[in-house]
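First to last, the sequence lines map onto chains A and B. Just so we're aligned: the first sequence equals residues 1 to 264 in this note's numbering. Just so we're aligned: the second sequence equals residues 265 to 528 in this note's numbering. Worksheet for the structure shown next.
2 protein chains.
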Amino acid sequence: MDIQQLDQFAKSIIFEAGSRIRQAFSYNLVIETKSGANDLVTNIDRETELFFIDKIRAFDPSHKILGEEGMGEQVESLDGIVWIIDPIDGTMNFVKQHRHFMISIGIFINGIGKLGYIFDVMREDLFYAIAGEGAWYNESPLRKLTSVKIEEAVIGINAHWVAPNRHIHHEKVIDMVRKVRGTRSYGSAAMEIAFVVSGKLDAYVSMRLSPWDIAGGTIIAHEVGAVATNLHGEGFDFLHQDTFIIANPSIHKELLDKYIVPYE
Amino acid sequence: MDIQQLDQFAKSIIFEAGSRIRQAFSYNLVIETKSGANDLVTNIDRETELFFIDKIRAFDPSHKILGEEGMGEQVESLDGIVWIIDPIDGTMNFVKQHRHFMISIGIFINGIGKLGYIFDVMREDLFYAIAGEGAWYNESPLRKLTSVKIEEAVIGINAHWVAPNRHIHHEKVIDMVRKVRGTRSYGSAAMEIAFVVSGKLDAYVSMRLSPWDIAGGTIIAHEVGAVATNLHGEGFDFLHQDTFIIANPSIHKELLDKYIVPYE
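Below is the structure:
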């Protein structure tokens, strides 16, 4: 498989899908049919996944597709060429905010992440990477992340994990909230991951993500030196749900040692 | 004073200031001089406030100006025509994210909010209102907020207030986090207020804001039916710091009664 050709094809269908979503997504339509907003996003989510499946099958029917909406086949291994697709990450943002939702795609070849994409549909902003060749934000290369002290860091974390919960020691999260420069929460894992790989955040943590939430992002992460693992510091399982942290390499270990500590 | 003329003038200087900030704010400059990023934002903050002061004085020297950077005169009353200006709200976002920072302006005549503006500088998105005539998001009218149930609400709140703190009962905030559809945190009060008046969030709370953080937003709030008060449910004091909540009218009282409860 020619990686450059695959990259050009992936970008072309991402841009086309984005354009279709922006067209389908009429501001007035969402406003007028508030009760129907959830149906609308579900429909656009499914239609977008089907659009990707049709295009990819026409491009090369041997490629496998693992999608959030489950419209592709059952994927039980990462053998061969596998696309992991989230057609709309941030559906609540889609419904209420009409912004801050992403198309996220990772392409794996025999289990190795080769191409990663996070596309901010409304801004038409593309974060992407080609394994071994680098990462880009639109036309600008993304640089390797420079080190940051925990006191200067801005962390993406949901308010749930600052409260008592069954996943992580919330007292340690409180310590972190008090220690760092600031926290943010955007309601889209792909958006927060895109912000970490481009230095707009220094880390992002989540208690339960699916492969399609992070597949694209982890491939970009590798190119800029961001460290992406589960909360035990191990590689994320791309066939199942798992905990997740992506961080600037200078604070990844410190976050897991001191602040983001799972119960089991 | 002709309000339409004042509105046209205010918009013209906001757009010009935005253009100047985008020019001054070279992506490469910020990246190359990371240690100097704080100085850079301070300089641009001050220059922008001075730009507004010069333009307003040339327009009508009788207008008073209360600005975050304190480059205007000491304003001790809201008599006459008073501009309350935050040249850059969200300075940490400015430095790290190169987005999500706002120009916020409110114009008061004898203590009554008449014109309000929140301008997302990088998106070139303007939220604004003319008292008694309505509110707009760019060219589109903003509608009166429709009611929302607390279970469906998305709330802007900083993670600090979910942890034990000396301002509000954090156990009640935890109840809220568990009850609502979601929470968000963007690091710019003006951005979160703009999101509430346009229905992208259903409420936003803060423990300490200054007049320039909210002056523009509260004038827009009034036109769309959002309720803006301090955490005791009283009008915000526009000459001092105060606590703050802005909410969809259907949940403002419930939030203050059950979830956002100050100690004293």
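Think of the CB as a built atom: it goes at the ideal place given N, C-alpha and C, for glycine as much as any other residue. In this text the structure is predicted, and so the values were computed from the model without any measurement.
Length-filtered (3 minimum) beta strand (DSSP E) runs lying within the segment 381-445 of chain B | 389-394, 398-401, 404-406 and 418-420
Residue 206(A) versus residue 372(B) - alpha carbon distance = Residue numbering aside, residue 206(A) sits at position 206 when the first sequence is read from its first letter. Residue numbering aside, residue 372(B) sits at position 108 when the second sequence is read from its first letter. Computed Cα separation, rounded: 44 Å.
Using only alpha-carbon positions, find the residue among 15(A), 63(A), 74(A) and 260(A) that is nearest to residue 48(A).
-> Reading the first sequence from its first residue, position 48 is the one you call residue 48(A). Checked all of 15(A), 63(A), 74(A) and 260(A); the closest Cα to residue 48(A) is 15(A).
Could you tell me which of 133(A), 94(A), 140(A) and 130(A) sits nearest to residue 121(A), measuring between CA atoms?
-> Start at 1 with the first residue of the first sequence, and residue 121(A) comes out as number 121. With distances taken between Cα atoms, residue 121(A) lies closest to 94(A).
Could you tell me which of 337(B), 318(B) and 380(B) sits nearest to residue 270(B), measuring between CA atoms?
-> The residue labelled residue 270(B) in the question sits at position 6 within the second sequence. Out of 337(B), 318(B) and 380(B), 380(B) has the C-alpha closest to the C-alpha of residue 270(B).
Reduced DSSP category for residue 61(A) - H, G, I as helix; E, B as strand; rest coil | The residue labelled residue 61(A) in the question sits at position 61 within the first sequence. The answer is coil: DSSP assigns residue 61(A) none of H, G, I, E or B.
Contact with chain A by residue 430(B), beta-carbon distance below 8 Å | Against the second sequence, residue 430(B) aligns to sequence position 166. Closer than 8 Å: no.
Mind pulling the chain A residues with CB within less than 8 Å of residue 356(B)?
-> Looking up residue 356(B) in the second sequence gives position 92. Those are 154, 181 and 182, listed as they occur along chain A.
Touch check for the segment 145-157 of chain A and the segment 177-196 of chain A: three-plus C-beta pairs under 8 Å?
-> yes
For residue 53(A) and residue 71(A), believed in contact at Cβ under 8 Å, the rounded distance | In the first sequence, residue 71(A) corresponds to position 71, counting from 1. In the first sequence, residue 53(A) corresponds to position 53, counting from 1. Sure, about 6 Å apart at Cβ, within 8 Å.
Any residues in the segment 451-467 of chain B with a beta carbon nearer than 9 Å to a beta carbon of chain A? Which ones, in chain order?
-> 451, 459, 462, 463, 464, 465 and 466
Straight-line Cα distance separating residue 212(A) from residue 66(A) = Residue numbering aside, residue 66(A) sits at position 66 when the first sequence is read from its first letter. Residue numbering aside, residue 212(A) sits at position 212 when the first sequence is read from its first letter. Their backbone Cα atoms lie some 8 Å apart in a straight line.
What three-state label does DSSP hand residue 223(A) in the structure shown?
-> Residue 223(A) sits at position 223 when you count from the first residue of the first sequence. Three-state result, residue 223(A): helix.
Residue 509(B) at chain A interface by Cβ criterion, 8 Å | Walking along the second sequence from the start, residue 509(B) turns up at place 245. Not closer than 8 Å to any Cβ of chain A, the Cβ of residue 509(B) fails to qualify, so no.
For the alpha helix (DSSP H) containing residue 195(A), list its first residue and its last residue.
-> Within the first sequence, residue 195(A) is the residue found at index 195, counting from 1. From DSSP, the alpha helix (DSSP H) with residue 195(A) extends over 189-197.
From the beta carbon of residue 522(B), is the nearest beta carbon of chain A less than 8 Å away?
-> As a working mapping, residue 522(B) is identified with position 258 in the second sequence. False, the Cβ-Cβ gap to chain A never drops below 8 Å.
Chain E residues whose Cβ lies nearer than 8 Å to that of residue 360(B) = The displayed structure is made up of protein chains A and B, and chain E is not among them.
Among 354(B), 408(B) and 364(B), which has the Cα closest to the Cα of residue 485(B)?
-> Numbered from its first residue, the second sequence carries residue 485(B) at position 221. The shortest C-alpha separation from residue 485(B) is found at 408(B).
Using the beta-carbon of each residue, which ones in chain B are nearer than 7 Å to residue 160(A)?
-> Position 160 of the first sequence, counted from the first residue, corresponds to residue 160(A). Per Cβ cutoff of 7 Å: 441.
Please state whether DSSP places residue 259(A) in a helix, a strand or coil.
-> Position 259 of the first sequence, counted from the first residue, corresponds to residue 259(A). Residue 259(A) falls in the helix class under three-state DSSP.
As assigned by DSSP and simplified to three states, the class of residue 184(A) = Position 184 of the first sequence holds residue 184(A). Of the three classes helix, strand and coil, the one that applies to residue 184(A) here is strand, per DSSP.
Measure from the C-beta of residue 266(B) to each C-beta in chain A and report whether the shortest distance is under 8 Å.
-> Here residue 266(B) corresponds to residue number 2 of the second sequence, with the count starting at 1. So no, residue 266(B) is outside the interface.
In whole angstroms, what is the alpha-carbon distance linking residue 519(B) and residue 434(B)?
-> Residue 519(B) sits at position 255 when you count from the first residue of the second sequence. Residue 434(B) sits at position 170 when you count from the first residue of the second sequence. Straight-line Cα distance between these residues: approximately 13 Å.
Of the listed residues 305(B), 277(B), 468(B) and 431(B), nearest to residue 353(B) (C-alpha basis) | Sequence index remark: in the second sequence, residue 353(B) carries index 89 (1-based). Out of 305(B), 277(B), 468(B) and 431(B), 305(B) has the C-alpha closest to the C-alpha of residue 353(B).
Under the three-state reduction of DSSP, which class applies to residue 14(A): helix, strand or coil?
-> Position 14 of the first sequence holds residue 14(A). It is helical.
Pick from 502(B), 314(B), 439(B) and 491(B) that is closest to residue 515(B), judged by C-alpha positions | Position 251 of the second sequence, counted from the start, is the residue given in the question as residue 515(B). Among 502(B), 314(B), 439(B) and 491(B), the Cα nearest to that of residue 515(B) is on 491(B).
Alpha carbon to alpha carbon, how far is residue 139(A) from residue 11(A)? Give it in angstroms, no decimals.
-> Locating residue 11(A) in the first sequence gives position 11, counting from the first residue. Locating residue 139(A) in the first sequence gives position 139, counting from the first residue. Near 13 Å, if we compare the C-alpha coordinates of residue 139(A) and residue 11(A).
Would you mind reading off the limits of the beta strand (DSSP E) that contains residue 372(B)?
-> Numbered from 1 along the second sequence, position 108 holds the residue referred to as residue 372(B). Note, residue 372(B): beta strand (DSSP E), 366-373.
Of all the options 368(B), 376(B), 378(B) and 411(B), which has the alpha carbon lying nearest to the alpha carbon of residue 390(B)?
-> Taking the first residue of the second sequence as 1, we reach residue 390(B) at position 126. Checked all of 368(B), 376(B), 378(B) and 411(B); the closest Cα to residue 390(B) is 368(B).
How many angstroms separate the CA atom of residue 522(B) from the CA atom of residue 410(B)?
-> What you label residue 522(B) is simply residue 258 of the second sequence in a count that begins at 1. What you label residue 410(B) is simply residue 146 of the second sequence in a count that begins at 1. Roughly 21 Å between the two C-alpha positions.
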